[in-house]
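To start, the structure under review is shown below, and the notes come after it.
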Ligand code: SAH
Ligand code: SF4
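Numbering (our numbering), first residue to last: 3 to 344.
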């Protein structure tokens, strides 16, 4: 049995055999344009609604919902059919809402500062499990009178390590949910073959690269995959992406106290970012159980940003959304596991 969002229009057609042909379009439209569940599609006969709901169940069961920042951040921890858990974060901004989705249960990349990396890899999410996160967030946004405008692939997991399913989800979000490519952002730890594939796709999505260090010694330490895909090659891949797509490139930089927040770090980062006109997103590190080092304090964050700007690099400080509800990458699951273990 395929989940609702793992079902294609062809699967739906098979299920609707014997029904008038317009039903397929009606259900598809209800799902993707109205964000309605089959049981809510009152234009369908009741027995059909029930048949759809049974034959194509949802893939994500709500485990925990946490609300932070006075209602501006909502985080869901979902249980999957096989017992794995993933999370999704919805952030409301004045003009539109953004959802941060997971692409894997766990992650095999082993970045020591990341709660997801600390927990190890479980499995790839299916396309439907990724799309459903956006659907559920879109419904929540709609229910609070807002519109979901942006999707960032920055939750648990490495999108490029689950490329085919991730990309099928991007296409579904674009073609069926109607989100424009410039409102979709794929974040990678720096998997070069993935960046190259992205550059060859038709849809020009935004690319974010989690850099965190601008010399190989430090980056090998913080982001172990740098040994396989070192900075020089990574920067070349970013330049090719830029040339192919003309989209804004951004570098993510988690500011870690006394590790990557010195003037020399800013100088190295500026030297990489400036020729690519890359935008730098600074975010103070959220300490995690496995990496208790503190994030840079507010004054240090301001200084670091100033050093970049003085060197002609665009930099913004990402609001540390949802810290109180553990809304940093993989942290809600870490907390839930800790709680259930104690
Ligand atoms: N695997 C992809 C996308 C998921 S991680 C990637 O690494 O880009 C999303 C972002 O959260 C990355 O920029 C990652 O470096 C950052 N991140 C992970 N753990 C963090 C922490 N404890 N504090 C702040 N940012 C963190
Ligand atoms: Fe994986 Fe990204 Fe976490 Fe690194 S930062 S372990 S790549 S999820």
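Glycine included, C-beta positions come from ideal geometry on N, C-alpha and C.
Item	Value
Comparing alpha-carbon positions, which option in 83, 92 and 84 lies nearest residue 360?	The first residue shown for the chain is 3 and the last is 344, placing residue 360 beyond what the model contains.
What residue range is occupied by the uninterrupted beta strand (DSSP E) comprising residue 253?	251-257
Going by the CB atoms, is the gap between residue 61 and residue 83 shorter than 8 Å?	yes
Nearest CA to the CA of residue 314: which residue from 28, 272 and 231?	272
From the DSSP output, in three-state form, read off residue 15 for me.	helix
Go ahead and label residue 64 buried or exposed: buried means 16 or more other beta carbons lie within 10 angstroms of its beta carbon, across all protein chains shown.	exposed
Is residue 111 a contact residue of ligand 2, with contact defined as CB to any heavy atom under 7 Å?	yes
I'd like to confirm the pairing. Which residues does DSSP put opposite residue 292 in its beta bridges?	DSSP, once it has assigned bridges, lists no residue as partnering residue 292.
Just checking my contact of residue 316 with residue 261 at CB under 8 Å: how many whole Å lie between their CB atoms?	Wrong, their Cβ atoms sit about 23 Å apart, outside the cutoff.
When we look at the beta-carbon of residue 155 and count the other beta-carbons within 10 Å, is it buried (16 or more) or exposed?	buried
List the residues that DSSP assigns as beta-bridge partners of residue 155.	188
Please give me, in chain order, every unbroken run of the beta strand (DSSP E) with length at least 3 that falls completely inside the region 105-164.	106-108, 123-126 and 150-155
With DSSP as the reference, please indicate the residues paired to residue 93 in a beta bridge.	75 and 100
When you compare the CB positions of residue 267 and residue 302, do they come within less than 8 Å of one another, or not?	no
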